[in-house]
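Q:
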Amino acid sequence: MSKKQTYPFWLGGVAGSLAACCTHPLDLTKVRMQTIPSAPGVKRPSMFSVIRSTVAESGVRSLYTGLTASLLRQMSYSLVRLGTYEAMKERLSENGPPSSGPLLVAAMAAGGLGGIAGNPADILVVRMTSDSVRPPEKRYNYSNAITGLAALVKNEGARGLIRGLGTNTTRAILMNGSQVWSYDFTKSILLHSRIPFVNYEFRDNLALHTVASTIAGTVATTVCSPADVMRSRLMSATGKTNPVEVFTRSLREEGFGFLFKGWTPAFIRLGPNTVFMFIFLEHIVHSVWLYALSSPFYGHNMEAFQLLSRGGAKFDKNKFKDDFRLFDKTERQRDKAKAAVKFADGELPPELDFFKYAQGGAPKRKETESGSLGRVGEEVGGTQMKRRRTEPTDSQDEDSPPIPRHRVTAKGSNVPKHIESFEDLQERYKLHTQLLFNLSDSGFKRPTGIQSHAIPILLESRDLAAISPTGTGKTLSYLLPIISSLGSPSAKLKNDCGPGVRALILAPTRELAHQIHNECLKLAQGRKWRIVLFSKATASTLADKSVQDKVDIIISTPLRMVSALQAGSLELRNVRHLVLDEADRMLDAEFLTQVQEIITACSHPQVQKAVFSATLPAGAEKIAMDMLRDPIRIVVGLKDTPLPLIAQSLTYVADDPSKLPTLLQYLSQPYNPPVLIFVSSQPRATSLAEELVLNGVLNVDCLHAGMSKKEREDAVSRMRRGESWVMVSTEVMARGMDFKGVREVINYDFPQNVQSYVHRIGRTGRAGREGKAITYFTDEDSPYLKTIANVLLQSGSSVPEWILKLPKPSKMKRRQMGKIKRSETVNKASNIGRNDAIKRREMIAGSKRRKEKTERQVSTAEYGADAEDGDEES
Numbered sequence: 036m037s038k039k040q041t042y043p044f045w046l047g048g049v050a051g052s053l054a055a056c057c058t059h060p061l062d063l064t065k066v067r068m069q070t071i072p073s074a075p076g077v078k079r080p081s082m083f084s085v086i087r088s089t090v091a092e093s094g095v096r097s098l099y100t101g102l103t104a105s106l107l108r109q110m111s112y113s114l115v116r117l118g119t120y121e122a123m124k125e126r127l128s129e130n131g132p133p134s135s136g137p138l139l140v141a142a143m144a145a146g147g148l149g150g151i152a153g154n155p156a157d158i159l160v161v162r163m164t165s166d167s168v169r170p171p172e173k174r175y176n177y178s179n180a181i182t183g184l185a186a187l188v189k190n191e192g193a194r195g196l197i198r199g200l201g202t203n204t205t206r207a208i209l210m211n212g213s214q215v216w217s218y219d220f221t222k223s224i225l226l227h228s229r230i231p232f233v234n235y236e237f238r239d240n241l242a243l244h245t246v247a248s249t250i251a252g253t254v255a256t257t258v259c260s261p262a263d264v265m266r267s268r269l270m271s272a273t274g275k276t277n278p279v280e281v282f283t284r285s286l287r288e289e290g291f292g293f294l295f296k297g298w299t300p301a302f303i304r305l306g307p308n309t310v311f312m313f314i315f316l317e318h319i320v321h322s323v324w325l326y327a328l329s330s331p332f333y334g335h336n337m338e339a340f341q342l343l344s345r346g347g348a349k350f351d352k353n354k355f356k357d358d359f360r361l362f363d364k365t366e367r368q369r370d371k372a373k374a375a376v377k378f379a380d381g382e383l384p385p386e387l388d389f390f391k392y393a394q395g396g397a398p399k400r401k402e403t404e405s406g407s408l409g410r411v412g413e414e415v416g417g418t419q420m421k422r423r424r425t426e427p428t429d430s431q432d433e434d435s436p437p438i439p440r441h442r443v444t445a446k447g448s449n450v451p452k453h454i455e456s457f458e459d460l461q462e463r464y465k466l467h468t469q470l471l472f473n474l475s476d477s478g479f480k481r482p483t484g485i486q487s488h489a490i491p492i493l494l495e496s497r498d499l500a501a502i503s504p505t506g507t508g509k510t511l512s513y514l515l516p517i518i519s520s521l522g523s524p525s526a527k528l529k530n531d532c533g534p535g536v537r538a539l540i541l542a543p544t545r546e547l548a549h550q551i552h553n554e555c556l557k558l559a560q561g562r563k564w565r566i567v568l569f570s571k572a573t574a575s576t577l578a579d580k581s582v583q584d585k586v587d588i589i590i591s592t593p594l595r596m597v598s599a600l601q602a603g604s605l606e607l608r609n610v611r612h613l614v615l616d617e618a619d620r621m622l623d624a625e626f627l628t629q630v631q632e633i634i635t636a637c638s639h640p641q642v643q644k645a646v647f648s649a650t651l652p653a654g655a656e657k658i659a660m661d662m663l664r665d666p667i668r669i670v671v672g673l674k675d676t677p678l679p680l681i682a683q684s685l686t687y688v689a690d691d692p693s694k695l696p697t698l699l700q701y702l703s704q705p706y707n708p709p710v711l712i713f714v715s716s717q718p719r720a721t722s723l724a725e726e727l728v729l730n731g732v733l734n735v736d737c738l739h740a741g742m743s744k745k746e747r748e749d750a751v752s753r754m755r756r757g758e759s760w761v762m763v764s765t766e767v768m769a770r771g772m773d774f775k776g777v778r779e780v781i782n783y784d785f786p787q788n789v790q791s792y793v794h795r796i797g798r799t800g801r802a803g804r805e806g807k808a809i810t811y812f813t814d815e816d817s818p819y820l821k822t823i824a825n826v827l828l829q830s831g832s833s834v835p836e837w838i839l840k841l842p843k844p845s846k847m848k849r850r851q852m853g854k855i856k857r858s859e860t861v862n863k864a865s866n867i868g869r870n871d872a873i874k875r876r877e878m879i880a881g882s883k884r885r886k887e888k889t890e891r892q893v894s895t896a897e898y899g900a901d902a903e904d905g906d907e908e909s
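Shown next, in the form of structure tokens:
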């Protein structure tokens with residue numbers, strides 16, 4: 036058994052003991068209520084009357100009678116049942132998340148083993164807590180658990196240790212099966228659902244664990260009460276006892292209700308007990324394991340890794356004196372403040388632009404003989420950085436659009452003529468001079484293929500369905516017409532158009548909505564438009580009708596908007612422009628109902644609707660065309676095909692455990708950061724990020740929907756500033772997110788479908804830059820390989836002959852692409868690079884110690900000099 040596997044056992048005992056210290060008075064009250072006989076029809080003593088009489092007779096300290104036995108019980112019963120269950124659950128999870136059936140069997144088996152192991156301690160608990168309510172001649176008078184155990188063996192022999200074993204084991208099986216299993220089951224349900232009315236969505240955090248633990252305690256109390264009463268009566272009895280006789284006698288004398296005696300204190304006790312125990316295990320087991328590995332992924336060591344990568348690996352104070360400044364917290368905060376003032380979101384300061392890639396828009400490049408673009412990049416190996424650069428020729432136009440115009444197709448009636456330059460908009464549509472200035476200031480020199488066609492269509496108030504590869508400028512294609520059509524933000528014009536929101540832009544994720552909001556602010560700079568990113572905070576503000584009427588443009592996610600509409604706090608009757616970004620996602624089953632409700636709320640007869648996406652399956656496209664009025668359809672390039680600027684490749688890795696060594700081998704060679712790595716689930720994202728850090732990969736970050744809003748925003752911000760070289764993410768980053776300079780994308784887990792693949796690799800190769808995309812596939816993925824291989828062929832990438840000969844997957848097979856079962860965590864690499872990571876941490880710690888020593892010496896010297904100056908003045 037590994038060191039990690041032992042943690043749930045002894046930590047389970049510790050957690051149970053700590054919980055027992057808090058809930059023992061309730062346990063004592065429960066046992067006394069269960070063992071006091073009462074006749075049918077006679078009022079049973081309540082929990083409060085038992086507590087009151089106990090305190091009155093023996094004082095408050097008597098509520099903790101038998102605490103030593105309770106602690107012994109927890110160190111045996113809880114240690115075995117929780118440790119065994121965690122070990123069995125981990126074994127069941129090796130081939131993916133286990134179903135509820137095997138989990139229930141594992142929980143009941145672990146409970147049975149725990150009941151057997153804790154039976155002697157249970158006898159002591161029952162006897163010591165109920166002793167004072169027994170006749171004096173029948174009392175056991177155990178002073179503590181040790182002497183009580185010795186007296187039990189002496190008076191009743193070894194068989195006395197198994198008294199009531201059957202009922203105790205039954206109770207333990209029911210307890211663990213209902214408590215532990217219902218805890219995991221409740222968590223899984225809450226994680227994938229929203230709370231009605233308040234529309235709250237749980238994440239894997241303390242709130243979820245508390246609610247799930249409370250529900251688990253309630254279920255366990257009800258299920259286990261009959262067995263618990265029988266156990267207490269059998270264990271407290273003297274001499275030979277027969278469970279059947281005890282049951283029939285109690286039923287005859289007290290009625291059926293005796294089976295639920297002590298239910299109230301048991302209910303009150305088990306809730307806090309379960310909450311404390313499971314929350315302790317959830318958080319402490321994970322923390323102890325990370326601490327044992329000295330993981331830099333959690334805590335402040337991550338910052339030290341970033342400083343190490345920026346300052347060099349060998350900290351010689353004389354040679355790298357400037358780099359020691361990086362460890363000065365005051366200096367770092369001052370630098371951050373300067374950067375926040377000087378640079379806008381998404382722009383890299385020169386000192387952070389390691390790769391000279393995000394400055395000045397698209398990099399200069401040299402065309403090859405075949406007409407494709409030359410490779411631009413830097414190599415990073417170890418702690419040294421090598422830069423390669425190709426210089427452009429004089430005849431080269433670095434502002435040329437990435438998609439040739441002949442690959443843009445438009446279908447519909449009376450399609451407006453496309454534009455050749457942004458200046459054409461001023462001549463044809465009287466575009467405001469300030470907007471042209473903002474375009475130039477943002478680095479837009481010439482319109483791309485989608486922009487040259489979509490902007491005139493929207494400016495002529497036509498509905499539009501636009502399909503264009505990732506990174507071709509779709510956001511500007513609808514922002515510019517919207518802002519231009521709104522006209523002047525003057526109060527007079529606003530009154531002419533009527534009060535209320537006039538433009539609504541919907542995006543599937545908060546991150547994409549935030550990015551669209553930033554781009555909209557840049558484009559509207561110098562004009563007093565009221566542009567709002569709809570969030571929980573702004574929703575409460577906009578509930579005021581007077582504030583709402585002053586808003587021009589709202590950017591939101593569908594769920595947030597629907598919540599406001601259902602609450603009656605927002606009106607969309609005056610919306611004239613409605614845009615669905617990432618329409619393939621917005622029109623699938625998850626968002627379709629919400630989108631339809633929003634469209635219905637936009638009831639103005641002149642509302643203009645537009646949908647934009649890099650991919651649009653046939654079903655989603657039919658829905659889109661039905662909701663548009665006399666639409667025009669634009670396709671840039673081939674449908675569902677990425678840009679030819681992305682060099683795509685497929686890598687065979689046999690099985691899931693082989694992926695991590697393959698990835699570590701790739702990252703140990705010179706590569707072009709920043710790199711995006713996509714995985715299929717949130718636990719795998721966290722696990723892979725941890726493994727990369729532990730194996731010496733620098734500047735690793737993680738992003739998934741399970742993180743809090745602030746954590747996600749901070750991760751995105753670090754990526755934009757160039758502090759993250761490797762970003763591990765789920766599908767949350769696959770849509771619309773635009774990071775300047777993303778060089779490579781690695782599909783660690785096979786994409787769910789063609790659309791997912793196109794969106795994932797579309798994070799690179801944007802705005803005319805080259806990119807690289809690598810997709811790992813295993814034997815399990817091979818039936819679906821032909822589908823992705825066809826995408827590679829259409830975009831001009833080479834595909835091995837044997838892949839082309841694979842049979843085309845059926846429609847049913849294609850639906851199963853995203854249902855491949857994978858383990859929740861990635862398989863750990865066997866100490867690859869861990870020694871290097873440990874050495875780096877030791878170097879950082881040593882450099883900090885030397886810095887502190889130097890500061891103390893300087894402080895002492897300054898104090899001595901001040902003292903001498905004072906003596907001279909006196």
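Each residue of the sequence shown is one higher than the last, beginning at 36 in our numbering. Quick reminder that beta carbons are idealized off the backbone N, C-alpha and C, glycines included.
1. Our contact map puts glycine 797 next to proline 504 with C-beta atoms below 8 Å; I'd like the distance itself, whole angstroms only.
2. Quick check: the Cα distance between glutamate 554 and lysine 509, rounded to an integer number of angstroms?
3. Pull up the CB-CB distance for tyrosine 260 and leucine 294, whole angstroms please, since I reckon it's below 8 Å.
4. If you reduce the DSSP assignment to three classes, tell me which class valine 714 lands in.
5. Between which two residues does the beta strand (DSSP E) carrying glutamate 779 extend?
6. First and last residue of the beta strand (DSSP E) that includes cysteine 737?
7. The beta strand (DSSP E) that contains methionine 23, what's its start and end?
8. Is the beta carbon of leucine 515 sitting closer than 8 Å to the one on leucine 470?
9. Assuming alanine 624 is part of the alpha helix (DSSP H), what are its boundary residues?
10. Taking 8 Å as the CB-CB limit, is glutamate 191 close to chain C?
11. What did DSSP end up calling isoleucine 566 once you bin it into helix, strand or coil?
12. With DSSP as the reference, identify every bridge partner of tyrosine 687, one or two as the case may be.
13. Count the other CB atoms, across all protein chains shown, that sit within 10 Å of the CB of leucine 839; report buried if there are 16 or more and exposed otherwise.
14. Just to confirm my understanding: we take arginine 891, look at its own chain, exclude 5 residues before and 5 after, and list those with CB closer than 6 Å. What are they?
15. By Cβ distance, which residues of its chain are closer than 7 Å to aspartate 691, with the 5 residues on each side in sequence left out?
16. Given a cut-off of 8 Å on the beta-carbon distance, is the pair leucine 499 and isoleucine 669 in contact?
17. Determine the contact status of aspartate 616 and leucine 541, defining contact as a CB-CB distance below 8 Å.
18. Applying the criterion that 16 or more other CB atoms from any shown protein chain within 10 Å of the CB defines a buried residue, is glycine 478 buried or exposed?
19. Could you compute how far the alpha carbon of lysine 65 sits from the alpha carbon of valine 246?
20. Is the CB-CB distance between serine 213 and valine 258 below 8 Å?
21. At a cut-off of 7 Å, would you count arginine 96 as near the ligand SAM, judging by its Cβ distance to the nearest heavy atom?
22. Is it buried or exposed for isoleucine 823, if we count other Cβ within 10 angstroms and need 16 for buried?
23. Which one of Lys745, Leu605, Thr860 and Asn473 has the shortest CA to CA distance from serine 575?
24. Whole-angstrom Cβ separation of leucine 695 and glutamate 726, contact assumed at under 8 Å?
25. What's the gap between the Cα of valine 586 and the Cα of glycine 535?
26. Is it buried or exposed for arginine 804, if we count other Cβ within 10 angstroms and need 16 for buried?
27. Just to confirm, is the Cβ distance from threonine 100 to methionine 163 under 8 Å?
28. Alpha helix (DSSP H) containing valine 161: first to last residue?
29. Indicate whether threonine 204 and glycine 147 have their beta-carbon atoms separated by less than 8 Å.
30. Less than 8 Å between the C-beta atoms of methionine 82 and threonine 299, yes or no?
31. When you compare each of Ser520, Leu607 and Tyr811 to leucine 460 by their alpha carbons, which one comes out closest?
32. Just reading off the beta strand (DSSP E) that leucine 615 is part of, what are its end residues?
33. Give the secondary structure of threonine 507 by DSSP, where H, G and I count as helix, E and B as strand, and everything else as coil.
34. Just list the residues that DSSP pairs lysine 843 with in beta bridges.
35. According to the Cβ coordinates, are serine 512 and isoleucine 485 closer than 8 Å?
36. Could you compute how far the alpha carbon of valine 763 sits from the alpha carbon of asparagine 734?
A: Let me spell this out:
1. 7 Å
2. 12 Å
3. Residue 260 is actually serine in this sequence, not tyrosine. That pair is a contact at about 6 Å.
4. coil
5. 779–782
6. 735–738
7. The chain is shown from 36 up to 909; residue 23 falls before or after that span and cannot be answered.
8. yes
9. 624–636
10. The chain labelled as chain C is not found in the depicted structure, where only one protein chain is given.
11. strand
12. Phe812
13. exposed
14. none
15. Thr813, Arg857, Ser858 and Asn862
16. yes
17. yes
18. exposed
19. 24 Å
20. yes
21. Ligands are entirely absent from the displayed structure, and the ligand SAM is therefore not among its contents.
22. buried
23. Leu605
24. 6 Å
25. 6 Å
26. buried
27. yes
28. 154–165
29. yes
30. yes
31. Ser520
32. 612–616
33. coil
34. None; lysine 843 has no bridge partner.
35. yes
36. 11 Å
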